[in-house]
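In what follows, a structure is listed as structure tokens, so that the remarks can point back to it.
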Amino acid sequence: MAQIPESQQKVKFYQTGTFTVGNRLLDEEHRSVQATIDRSNSLDSGHRACQGCGEALGARFAIDAAIRATGNQLIAANATGCLEVFTTPYPETAWSVPWIHSLFGNAAAVASGIAAAMKVKGREEVRVIAQGGDGGTTDIGFGCLSGTFDRNDDVLYICYNNQAYMNTGVQRSSATPGAARTATTMPVGAEPGNAFNTGKSVPLIAMAHNIPYVATASVHDLHDLENKVTRAMGVRGARYIEIFVPCPLGWGSKPGDTVKVARLAVESGMYPLFEAVDGELTGVTKIRRHMPVGEYLKLQRRFAHVLKPTNAHQLEQLQAIADRNIKRFDLLSREGETS
Amino acid sequence: MRGALASGCDFFAGYPITPASPILMMMLRDLPARGGIGMQGEDEIASIGMCIGAAMSGARAMTATSAPGISLYSENIGLAIMGELPLVVVDVQRLGPSTGAATTTAQGDIQFVRWGTGGGFPIIALCPSTIAECYTLTMKAFDLAERFRCPVFLMADKELALTMKSVNPSDYVDVEVRDREVVDPTELDPPLEYRYEPAGDVVPMQLYGGKHPVRFTGSAHTEDAFITKKPDIIGPLNEHLIRKITDHVDEISMVKTDFEDGARTLLVSYGVTAGSMREAVTLVRANGTRVSALTVQSLWPVPESEIVAAAAGVDRVVIAELNPGLYKRELERVIHDVEIVGISRIDGVLISPEQIVEVIV
Numbered sequence: 001m002a003q004i005p006e007s008q009q010k011v012k013f014y015q016t017g018t019f020t021v022g023n024r025l026l027d028e029e030h031r032s033v034q035a036t037i038d039r040s041n042s043l044d045s046g047h048r049a050c051q052g053c054g055e056a057l058g059a060r061f062a063i064d065a066a067i068r069a070t071g072n073q074l075i076a077a078n079a080t081g082c083l084e085v086f087t088t089p090y091p092e093t094a095w096s097v098p099w100i101h102s103l104f105g106n107a108a109a110v111a112s113g114i115a116a117a118m119k120v121k122g123r124e125e126v127r128v129i130a131q132g133g134d135g136g137t138t139d140i141g142f143g144c145l146s147g148t149f150d151r152n153d154d155v156l157y158i159c160y161n162n163q164a165y166m167n168t169g170v171q172r173s174s175a176t177p178g179a180a181r182t183a184t185t186m187p188v189g190a191e192p193g194n195a196f197n198t199g200k201s202v203p204l205i206a207m208a209h210n211i212p213y214v215a216t217a218s219v220h221d222l223h224d225l226e227n228k229v230t231r232a233m234g235v236r237g238a239r240y241i242e243i244f245v246p247c248p249l250g251w252g253s254k255p256g257d258t259v260k261v262a263r264l265a266v267e268s269g270m271y272p273l274f275e276a277v278d279g280e281l282t283g284v285t286k287i288r289r290h291m292p293v294g295e296y297l298k299l300q301r302r303f304a305h306v307l308k309p310t311n312a313h314q315l316e317q318l319q320a321i322a323d324r325n326i327k328r329f330d331l332l333s334r335e336g337e338t339s
Numbered sequence: 001m002r003g004a005l006a007s008g009c010d011f012f013a014g015y016p017i018t019p020a021s022p023i024l025m026m027m028l029r030d031l032p033a034r035g036g037i038g039m040q041g042e043d044e045i046a047s048i049g050m051c052i053g054a055a056m057s058g059a060r061a062m063t064a065t066s067a068p069g070i071s072l073y074s075e076n077i078g079l080a081i082m083g084e085l086p087l088v089v090v091d092v093q094r095l096g097p098s099t100g101a102a103t104t105t106a107q108g109d110i111q112f113v114r115w116g117t118g119g120g121f122p123i124i125a126l127c128p129s130t131i132a133e134c135y136t137l138t139m140k141a142f143d144l145a146e147r148f149r150c151p152v153f154l155m156a157d158k159e160l161a162l163t164m165k166s167v168n169p170s171d172y173v174d175v176e177v178r179d180r181e182v183v184d185p186t187e188l189d190p191p192l193e194y195r196y197e198p199a200g201d202v203v204p205m206q207l208y209g210g211k212h213p214v215r216f217t218g219s220a221h222t223e224d225a226f227i228t229k230k231p232d233i234i235g236p237l238n239e240h241l242i243r244k245i246t247d248h249v250d251e252i253s254m255v256k257t258d259f260e261d262g263a264r265t266l267l268v269s270y271g272v273t274a275g276s277m278r279e280a281v282t283l284v285r286a287n288g289t290r291v292s293a294l295t296v297q298s299l300w301p302v303p304e305s306e307i308v309a310a311a312a313g314v315d316r317v318v319i320a321e322l323n324p325g326l327y328k329r330e331l332e333r334v335i336h337d338v339e340i341v342g343i344s345r346i347d348g349v350l351i352s353p354e355q356i357v358e359v360i361v
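Below, the structure written as structure tokens:
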């Protein structure tokens, strides 16, 4: 490999100045939590996630960053779902933090209870994270989540968004994008896959609660993910982070493409990364290399029908969503440019 | 699922839950082609709520879930009882409590569906023991829901729902499903929405969309559906909700009998465990021992006279069930002066025919 001239290298192995995980060329302060020798391994190897599971990757980086930020004073609640199941099959657990499995829909409420108990016991240094998939967050857990936001309980809720109910067999959730194939939105008829103009953005709804911190993150940019978790643990009150986690099984993507798929979702504008403080947008991650939506879709069989000429209108609709995100969050303009 | 379609079910709403999800997926796939609508709710509360609205508006509605979902259905089941709505609820039982073991079979919801909402009012629950019976009893469930204007439960389990099996098409026996008795919507002076006397009677339903504004309420109500708590009105209301089922147990009771003259032991079972019981009967008889068997298909209301008749003349009744002895309680309540032995498993493993044979011999 070393013989290949740099101009012909498809991948730069040691890109200085970027946030590639484990990049030892960065100064100490900017290295990722995972790159350090004292990393905590919150989610240990040997769990039963599928190959290329985005959720396993996201959960490990998020919880490790939270452990670092809190000095290992952390309790994690976990809604029913893949993460719960694959991390704790008998006779072993992958978790190295105190962990509570709740019901499918009440992780936020259980976490609120834990936080309240810590306060009563005078143990407020112990912080609480609630975790759930998109089904457990945007659908069945939505009422409890909104209540936690409403009371501004001292809980960080992390939603691992893989855009469908994967644990029960890939059924549509309200985080499933338009046109996507799931077991309950089959690619048949004139409008194959999931209907457009349905679903909801829980990050934006969280912002409408005016809670101290809301962010979206993606498993292709783990340094950014860690930073956002660290920032979230630096404030008290209700906080929400949604992490974009590709699911090879449910999406029909190659396990080895998980990070690539996540990157293309962001670079195409399909999944905007942003932060909000007290309900106000405070920052967005600019797209470094703008890609057409088709590049993102073609790696996933759940969108295979979209790329057929007969469904060109669906491709246009998805592109329009990405374009709208780019405009709304100003994802392309550079400093000094006007948008 | 096929039974539901054959019954004219035209509305389904559900929420993903193993092992009931295949019903949701098939209904979403197949209902639209038959002019029906299948919907996926954002949770169980929404799913059964949609069924309530659909049933009230004239649809033949069904939903399907498993034990944790029945917990969330609870308040809406009460609404269906109070509003006297025909509704079929499939409970594909799995090992509980709580999330329990989603892909592990059990029969643990037998008492839960009976007492699963406030007040203790009766419901109807049918329990198929073979795949073909799933078809037939689903049709029967729709028929009874129309007949009694109440929620009817179909108590399936994980083994019945998720096991692939070849079935002879001729085993799918059709049951006639009656049409809903409704008040003529063009009637300018229709009868009241509800009637409590005679207590055991069920009156035709008034649907939305006629000449007369129709009221529906989950609160205690007068016969024209105004909220009240007057004892002389809500006493008869609640009496009616009980008597409309308890006065007609004979119409509901379904058992399968396999009696042998001179048998000293009666085996009782239901659902998937009845399959093991049938096999145990074959094994025992091959050995020359006489034994009788009773499969209960209508769990609620309890087919008391059939059970008492079956137990007449035996020394011992043996009931096999995948729970801590939930239906054994009913046998103990109904049968007297006969020894009742329970075979229970709550470890997720089916009761084997050999396990039953051991107890008999």
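These protein sequences, in sequence, are chains A and B.
In terms of my numbering, the first sequence opens at residue 1 and continues consecutively.
In terms of my numbering, the second sequence opens at residue 1 and continues consecutively.
Glycine residues also receive a C-beta, built at the ideal position from the N, C-alpha and C atoms.
Predicted, not measured: the structure shown is a model, and the values here were computed from it.
Determine the chain A residues that contact residue i at a beta-carbon separation under 8 Å, and present them in chain order.
i, result
"L24(B)", "Q171 and T184"
"T228(B)", "Result: empty, since nearest Cβ-Cβ is about 31 Å, beyond 8 Å."
What three-state label does DSSP hand residue i in the structure shown?
i, result
"W365(B)", "For chain B, the structure presents residues 1 to 361; residue 365(B) sits outside this window and is missing."
"R123(A)", "coil"
"R385(B)", "Absent from the model: residue 385(B). The displayed extent of chain B is 1 to 361, so no value can be given."
"V21(A)", "Its pLDDT being 46, under 50, V21(A) is placed unreliably by the model, and nothing is read from it."
"R94(B)", "strand"
"R215(B)", "coil"
"P151(B)", "strand"
"S339(A)", "Per-residue confidence for S339(A) stands at a pLDDT of 42, beneath the threshold of 50, marking its modelled position as unreliable; the derived number appears in the next sentence. Note: S339(A) maps to coil in three-state DSSP."
"E242(A)", "strand"
"Q107(B)", "coil"
"V170(A)", "coil"
"K228(A)", "helix"
"Q73(A)", "coil"
"F329(A)", "helix"
Assuming the contact rule is C-beta atoms closer than 8 Å, residue i and residue j should be a hit. Round their C-beta distance to whole Å, please.
i, j, result
"S21(B)", "Q171(A)", "7 Å"
"D342(A)", "A238(A)", "With chain A represented from 1 up to 339, any question about residue 342(A) goes unanswered, as that position is not in the structure."
"A77(A)", "I100(A)", "5 Å"
"M205(B)", "E239(B)", "About 20 Å separates the two Cβ atoms, so there is no contact after all."
"V365(B)", "V341(B)", "In the structure displayed, chain B extends from 1 to 361; residue 365(B) sits before or after that span and is not available."
"C127(B)", "G271(B)", "5 Å"
"A107(A)", "H47(A)", "Contact doesn't hold; Cβ gap of about 19 Å is too wide."
Between the options, which has its C-alpha nearest residue i's C-alpha?
i, options, result
"I114(A)", "L103(A), V126(A), A69(A) and A232(A)", "V126(A)"
"H220(A)", "S112(A), P192(A), V85(A) and A262(A)", "A262(A)"
"E133(B)", "M164(B), D174(B), R147(B) and R60(B)", "D174(B)"
"A46(B)", "G36(B), R34(B), P19(B) and F12(B)", "F12(B)"
"F61(A)", "N210(A), F196(A), D44(A) and Q73(A)", "D44(A)"
"V203(B)", "L188(B), K244(B) and G288(B)", "K244(B)"
"V245(A)", "D257(A), E55(A) and K260(A)", "E55(A)"
"V363(B)", "A102(B), L154(B) and L144(B)", "Nothing can be reported for residue 363(B): it is not among the residues displayed for chain B, which extend from 1 to 361."
"L72(B)", "E42(B), G58(B), A101(B) and A55(B)", "E42(B)"
"V293(A)", "A312(A), G135(A) and A276(A)", "A312(A)"
"M15(B)", "L5(B), C9(B) and L28(B)", "At residue 15(B) the sequence reads Tyr, which differs from the Met that was named. The option with the nearest alpha carbon to Y15(B) is L28(B)."
"E176(B)", "A54(B), L188(B) and Y135(B)", "Y135(B)"
"E306(B)", "G325(B), G288(B) and L331(B)", "L331(B)"
So which residues of chain B does residue i contact, with C-beta pairs closer than 7 Å?
i, result
"D134(A)", "The premise fails here: D134(A) is roughly 12 Å from chain B at the closest Cβ pair, so nothing lies under 7 Å."
"G105(A)", "D43"
Show which residues of chain B have a CB atom less than 9 Å away from the CB atom of residue i.
i, result
"F142(A)", "E42 and D43"
Could you name the residues of chain B that residue i contacts, counting a contact when the two beta carbons are closer than 8 Å?
i, result
"S174(A)", "E42"
Sorry if obvious, but does the Cβ on residue i come closer than 7 Å to a heavy atom of the ligand ADP?
i, result
"W95(A)", "You won't find the ligand ADP in this model; it holds no ligand whatsoever."
Mind pulling the chain A residues with CB within less than 7 Å of residue i?
i, result
"I17(B)", "T168"
I want to verify the contact list: residues of chain A whose CB lies under 9 Å from the CB of residue i, in sequence order.
i, result
"S66(B)", "In chain order: nothing, as chain A lies at least about 10 Å away."
For the stretch 41–52 of chain B, which residues have a CB atom closer than 7 Å to at least one CB atom of chain A, in sequence order? E42 and D43
Using Cβ-Cβ distances below 7 Å, what residues of the stretch 157–171 of chain A are close to chain B? Y165, T168, G169 and Q171
Determine which residues of the stretch 196–226 of chain A have a Cβ less than 7 Å from any Cβ of chain B, and write them out in chain order. none
Under 8 Å (Cβ pairs) to chain B, residues found in the stretch 43–63 of chain A: none
Contact residues within the stretch 94–123 of chain B, judged by C-beta distance below 9 Å to chain A: S98, T99 and A102
Report the residues of the stretch 27–40 of chain B with a CB closer than 8 Å to any CB of chain A, ordered along the chain. L28, R29 and Q40
Taking any Cβ of chain B, which residues in the stretch 72–89 of chain A have a Cβ under 7 Å from it, in chain order? T80
Please name the residues in the stretch 114–139 of chain A whose beta-carbon is closer than 9 Å to at least one beta-carbon of chain B, in chain order. G135, T138 and D139
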